[in-house]
Amino acid sequence: MDSIAFIADCLAQVHLRLMATCEGLSTDQLLWRPAPTANNIGFILWHLVRNEDARVTNTGKLDGDIWASESWHDKFGQPATAPDPGDRMGLRSLAIPSLDVLVGYAGAVHQRTLKYLSGLTPESLDQLPDPERPDFAVSGSLRHMITHKNNHHGQIDYLRGLQDEAWDLPPGTGVVLP
Numbered sequence: 001m002d003s004i005a006f007i008a009d010c011l012a013q014v015h016l017r018l019m020a021t022c023e024g025l026s027t028d029q030l031l032w033r034p035a036p037t038a039n040n041i042g043f044i045l046w047h048l049v050r051n052e053d054a055r056v057t058n059t060g061k062l063d064g065d066i067w068a069s070e071s072w073h074d075k076f077g078q079p080a081t082a083p084d085p086g087d088r089m090g091l092r093s094l095a096i097p098s099l100d101v102l103v104g105y106a107g108a109v110h111q112r113t114l115k116y117l118s119g120l121t122p123e124s125l126d127q128l129p130d131p132e133r134p135d136f137a138v139s140g141s142l143r144h145m146i147t148h149k150n151n152h153h154g155q156i157d158y159l160r161g162l163q164d165e166a167w168d169l170p171p172g173t174g175v176v177l178p
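Sequential numbering of the sequence shown, starting at 1, is according to our numbering.
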């Protein structure tokens, strides 16, 4: 397996597990917070998908993120230029849409990421997409994307467990990609 296929498999695996973790969430579960200043599942999912959308756009030097180009911002009731606040103040101002909208956006971003990866070569992993950041090659950006998605998947999984201690990922999830 070459490095690009390995990266694509890593991202596909975490996407599969993330979607399985979110499957069947009620609106109450999506919005539940274990403490008043804690993030909820809806915000965490939005944050990690917005980050991936922006990272692929910037790393791949693409025309724009699908948040704006495919009008996902409208479905979230946000302006196209809304930054990812990534903080608790942002959580308070973000209206979390339905699970279907969140999962739809996650799926669209994931497909775009896989399409971007399909155009890479092992040599392109060493390219520097931003001359201002000579320490951050394409490989570093993709490494960050993998760890970022896994970290936030763990948070979402943990919040599901706090809400229902009998909950677990469906058997076989994460073992074999479809």
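The beta-carbon is built from N, C-alpha and C at its ideal position, and this holds for glycine as well.
**Prompt:** Just to confirm, does W72 get its C-beta within under 7 Å of one of the non-hydrogen atoms of the ligand ADP?
**Reply:** Among the components of this structure there are no ligands whatsoever, and the ligand ADP is therefore not found.
**Beta-carbon separation (whole angstroms), V49 vs Y116, contact threshold 8 Å** = Not really, about 15 Å apart at Cβ, beyond 8 Å.
**Request:** Flag this pair as touching only if the region 21-32 and the region 159-166 have three or more C-beta atom pairs under 8 Å; answer yes or no.
**Result:** yes
**Request:** Would you mind listing the alpha helix (DSSP H) stretches within the region 95-125 that are 4+ residues and don't spill past its ends, in chain order?
**Result:** 99-118
**Prompt:** Taking the continuous alpha helix (DSSP H) assigned at W32, which residues delimit it?
**Reply:** First-last for W32: undefined, no H or E at that position.
**Prompt:** Is DSSP giving G60 helix, strand or coil here?
**Reply:** coil
**Asked** Does the distance from the CB of I4 to the CB of P122 come in under 8 Å?
**Response** yes
**Message:** Residues in the same chain with beta-carbon distance under 7 Å from D53, minus the five sequence neighbours each way, listed in chain order, please.
**Reply:** D65, I66, W67, V109
**Asked** Going by the CB atoms, is the gap between I146 and L45 shorter than 8 Å?
**Response** no
**Item:** Euclidean distance between Cα positions of P129 and A137
**Value:** 7 Å
**Close Cβ partners of P178 (< 7 Å) along its chain, the five nearest in sequence each way excluded** = Residue placement at P178 is flagged as unreliable, the pLDDT there being 46, under the threshold of 50; the coordinate-derived value follows with that caveat. There are no such residues.
**DSSP three-state assignment for Q155, whether helix, strand or coil** = helix
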